[in-house]
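The next block holds one structure in the form of structure tokens; read it before the comments.
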Amino acid sequence: MRQLMNMKTVLRAGAVVLAASCLSSAADLPTAKTIAAEMGAGWNIGNTMEVPSDPTAWGNPLPTQQLIDSVKAAGFKTLRIPSAWYSHSDTNTNVINPAWMAQVKAVVDYGIKSGLYVVINSHWDMGWLESHIEVASKDKVNKRQGAYWRQIATAFKDYDHHLLFAGANEPGQQDAYGTAWGAERIAVLNSYHQTFIDTVRATGGNNATRTLIVQGPKTDIELTQKEWTTLPVDKVAGRLMAEVHFYPYQFTLMEKDEDWGKIFWFWGEGNNSTTAPDRNTTWCGPAYVDSMFKIVKTQFVDKDIPVMLGEFGAMKRMTLTGDTLALHIKSRRAYYQYVVKSALAHGIIPVAWDAGGKGDLTMTVFDRKTGGVFDLGLLNAIRRGAGLTNLPGDTSLVPVAGTNAMKILYSAKDSLFGQVNLGVPKPNFSAYDSIIVRAYVNGKSTYVEAGATKYGYLSLSLVTMSTDSWKWREAALGTLTNDGWNNYRIPLSSVQADTAVKGTLVPADPTKVNFFGLQAYSKGYNGTIYVDYIVFKTKAGVSDTVYPFNIAVPETFSGNVISVSSIPVGSVASDVEWKTATKSYGSTGIALRGSNSSALVTSVANGKVRTSFAAPEAGLAQVTLTNLLGETVWSHSFAAQAGLNSVEIPSNLRGLGLLQVRMGDRNLTGKVYCP
Numbered sequence: 002m003r004q005l006m007n008m009k010t011v012l013r014a015g016a017v018v019l020a021a022s023c024l025s026s027a028a029d030l031p032t033a034k035t036i037a038a039e040m041g042a043g044w045n046i047g048n049t050m051e052v053p054s055d056p057t058a059w060g061n062p063l064p065t066q067q068l069i070d071s072v073k074a075a076g077f078k079t080l081r082i083p084s085a086w087y088s089h090s091d092t093n094t095n096v097i098n099p100a101w102m103a104q105v106k107a108v109v110d111y112g113i114k115s116g117l118y119v120v121i122n123s124h125w126d127m128g129w130l131e132s133h134i135e136v137a138s139k140d141k142v143n144k145r146q147g148a149y150w151r152q153i154a155t156a157f158k159d160y161d162h163h164l165l166f167a168g169a170n171e172p173g174q175q176d177a178y179g180t181a182w183g184a185e186r187i188a189v190l191n192s193y194h195q196t197f198i199d200t201v202r203a204t205g206g207n208n209a210t211r212t213l214i215v216q217g218p219k220t221d222i223e224l225t226q227k228e229w230t231t232l233p234v235d236k237v238a239g240r241l242m243a244e245v246h247f248y249p250y251q252f253t254l255m256e257k258d259e260d261w262g263k264i265f266w267f268w269g270e271g272n273n274s275t276t277a278p279d280r281n282t283t284w285c286g287p288a289y290v291d292s293m294f295k296i297v298k299t300q301f302v303d304k305d306i307p308v309m310l311g312e313f314g315a316m317k318r319m320t321l322t323g324d325t326l327a328l329h330i331k332s333r334r335a336y337y338q339y340v341v342k343s344a345l346a347h348g349i350i351p352v353a354w355d356a357g358g359k360g361d362l363t364m365t366v367f368d369r370k371t372g373g374v375f376d377l378g379l380l381n382a383i384r385r386g387a388g389l390t391n392l393p394g395d396t397s398l399v400p401v402a403g404t405n406a407m408k409i410l411y412s413a414k415d416s417l418f419g420q421v422n423l424g425v426p427k428p429n430f431s432a433y434d435s436i437i438v439r440a441y442v443n444g445k446s447t448y449v450e451a452g453a454t455k456y457g458y459l460s461l462s463l464v465t466m467s468t469d470s471w472k473w474r475e476a477a478l479g480t481l482t483n484d485g486w487n488n489y490r491i492p493l494s495s496v497q498a499d500t501a502v503k504g505t506l507v508p509a510d511p512t513k514v515n516f517f518g519l520q521a522y523s524k525g526y527n528g529t530i531y532v533d534y535i536v537f538k539t540k541a542g543v544s545d546t547v548y549p550f551n552i553a554v555p556e557t558f559s560g561n562v563i564s565v566s567s568i569p570v571g572s573v574a575s576d577v578e579w580k581t582a583t584k585s586y587g588s589t590g591i592a593l594r595g596s597n598s599s600a601l602v603t604s605v606a607n608g609k610v611r612t613s614f615a616a617p618e619a620g621l622a623q624v625t626l627t628n629l630l631g632e633t634v635w636s637h638s639f640a641a642q643a644g645l646n647s648v649e650i651p652s653n654l655r656g657l658g659l660l661q662v663r664m665g666d667r668n669l670t671g672k673v674y675c676p
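Residue numbering for the sequence shown follows my numbering, starting at 2 and increasing by one per position.
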């Protein structure tokens, strides 16, 4: 599945009617049927290695061993790695970049080391194959298909039976639903598969008997049943699998209501809504799932042709609220459980799609940045479908105390702020009425000035910004407990008038939050701030532990924050690193970046930001004002003179920001707060 494509074209996923070919005797590696019996339920590392040109361009980091180990520990037995090749090759010579081949190999090795079966394919990747199932493109595509798989197969020919190759993804997925193909286009598709099979076999080694996977038109079950009736020929018997995908559109992928039908929010027995009956599933309920998988079983499995359900899933619709959201979540879990159970019962290997996002319309199981489980409730639904027991806890329903805490090493370099960007796993805050932060503060706020001991302060706030307005909103945790754990509750409201209620967090648009952070204000404070977890609670009392910090902590911080790291909760009380690692309170001057810079002084008045700085010589300078998301609010170039310069700019900002003046290799930075 290409997450950014128009999903309306994938109304129902497709299967293949194939006839087995038995032209040689058994060989060294196990048969596809033997392997399929061990592959269990699988997981897709989507929107990553198949992203054209840059695997991080769609928001996911490069995979790690920790992530893949989590997939194995969660009970999955198969890892599917959608992969791009065209955008990592010379498109004239079709030579794949060796560095990219090494990167794909590294991810494959993570899976093999974890004891998983691993599938690599040739995914969408600008549609070089998928969008060209046509006679006019046949020769060109076959040439490229052969060149790529010759290189891929050679690189992996010594891997054992735990590695499988898939020649394509969703060939012809750009076609409108229901479009007939005909014998001519089927022949073109089969030529691509034949090139894939023949090329891999010719590389020798374990590839001579490796299990290979081929796909029907659009991987659509009904379309393939009608039109793909011939299996491409393999000279080795019993080493081919078929692949289908499964996305009943109205429940799983539909993003907006159409004149022909509405989005289904609810699915499964006992999950019909009485308040929104027009959102109950009609045509694609449990009976439909069974009927589709029965087609696959009859056409393939019963003929000893194993089948991989290479993708399935359903979007989580987080714009819903209250009881409606709760019933949708329950329905979605019921769907995943039923699909996995029915697929396995029909001899099909179900592989869940996961594109790594954390907001609305996502299918995420694992947190790509931490390597941990993101949606334990969804994972347990998959496990139940596979006949496994639930893993303990449920991070989507119950607050869970972490084994590790986030440790923020804090220094009062000045009296402004320190900030940790927590990320936004929940862009829609409207379903919640409070946020609970379990925190521990350890440090001191005394300092010496002009020979006298003075007393400073520390306060902590949660802050938000929203997409449409970019308005800064925050609420303080209240009086902090020093040297001890405490649960701090902040009321959360969607009513804009509640901004006048002290201590209440009111996002400017609670449905479109795109920045969420922990903010510290201080004077003379040196110490550490520890956070065990952050919990969102609904009005019905349902808790969602959004940030358990058990595996990893945020990577983005600024201001007086020296570092952010992880520490066992049991080690917090005895941790005294702050006594030697932080700096005492001193001047309120702004720290500079660059070794040969002078001070940058900023002030705000009457809607204007004024900054002054000294330049050692005349030259071109650029002043830039950015918000805390790194987005440019205002930028201007000007001719600076030797000596003192002063520049006045419109603020165009609410809340904290950074003001930078660049001259050659000098980079002067100041913090500014615009009320």
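Ideal placement from N, C-alpha and C gives every residue a C-beta, glycine not left out.
Judged by beta-carbon spacing, Leu241 lies beyond the 9 Å limit of Ile187, meaning their Cβ atoms are not closer than that value. In the three-state reduction of the DSSP assignment, Glu270 falls in the coil class. Distance between Gly262 and Thr283, taken at the CA atoms: about 11 Å.
Taking C-alpha positions only, His124 is separated from Glu51 by approximately 6 Å.
Tyr456 counts as exposed, since fewer than 16 other beta carbons sit within 10 angstroms of its beta carbon. Taking a C-beta distance under 9 Å as the contact criterion, Ile349 and Ser564 do not qualify as a contact pair. Less than 9 Å divides the Cβ of Arg145 from the Cβ of Tyr87. Taken in chain order, the whole alpha helix (DSSP H) runs of length 4 or more contained in the stretch 42-125 are 66-74, 99-114. Setting aside the 5 residues that flank it on each side, Asn405 is surrounded in the same chain by Phe550, Asn551, Ser567, Ile568, Pro569, Val570, each with a C-beta closer than 7 Å to its C-beta; the list follows chain order. Only residues of its own chain outside the window of five on either side were considered, and among them Asn443 have a CB closer than 7 Å to the CB of Asp484, listed in chain order.
The C-alpha of Asn422 is placed about 8 Å away from the C-alpha of Glu556. Under the 10 Å beta carbon count, Leu321 is surrounded by 16 or more other beta carbons and is classified as buried. Around the Cβ of Tyr458, a 10 Å sphere holds fewer than 16 other Cβ atoms; the residue is exposed. Judged by their CB atoms, Leu130 and Val120 are not nearer to each other than the 9 Å cut-off. Taking 9 Å as the cut-off, the Cβ atoms of Val543 and Asn488 do not count as close. In this structure, DSSP gives Arg211 a state outside helix and strand, which the three-state scheme calls coil.
Remark: C-beta atoms of Val352 and Met309 approach each other more closely than 9 Å. The C-alpha of Thr231 lies about 8 Å from the C-alpha of Asn191. For Ser332, the uninterrupted alpha helix (DSSP H) run begins and ends at 323-346, by DSSP. Taking the CA atoms as reference points, Ile134 sits about 53 Å from Ser435. In summary, Asn98 is exposed, with fewer than 16 beta-carbon neighbours lying within 10 Å of its beta-carbon over all protein chains present. Sequence-distant partners of Phe267 (beyond 5 residues in either direction) whose C-beta falls short of 7 Å from its own C-beta, in its chain, are Asn273, Ser274, Arg280, Asn281, Thr282, Leu328, His329, Ser332. Going by C-alpha positions, Leu68 is about 51 Å away from Asn646. In chain order, Pro249, Gln251, Phe252 place their CB closer than 7 Å to the CB of Cys285, counting only its own chain and leaving out the 5 sequence neighbours on each side. Inter-residue distance for Lys427 and Gln497 is about 19 Å (C-alpha atoms, whole angstroms).
Of the candidates Tyr522, Val536, Leu213, the residue whose Cα lies closest to the Cα of Thr480 is Tyr522. In the DSSP assignment, the residues bridged to Asn443 are Thr529. DSSP lists Leu626 as the bridge partner or partners of Trp635. Between Asp159 and Phe247, the alpha-carbon positions lie close to 33 Å from each other.
In this chain, the beta strand (DSSP E) harbouring Gly419 covers 418-422. DSSP, read as helix, strand or coil, puts Gly644 in strand.
Apart from the 5 residues on each side of it in sequence, Asp176 has no Cβ closer than 6 Å to any other Cβ in its chain. With a cutoff of 9 Å on beta-carbon distance, Gly373 and Val425 are scored as not near each other. Annotation for Ala477: Ser460, Ser462 place their beta carbon closer than 6 Å to its own, counting only its chain and skipping 5 residues before and after. For Leu379, the uninterrupted alpha helix (DSSP H) run begins and ends at 377-386, by DSSP.
For Gln195, the enclosing alpha helix (DSSP H) starts and ends at 183-203.
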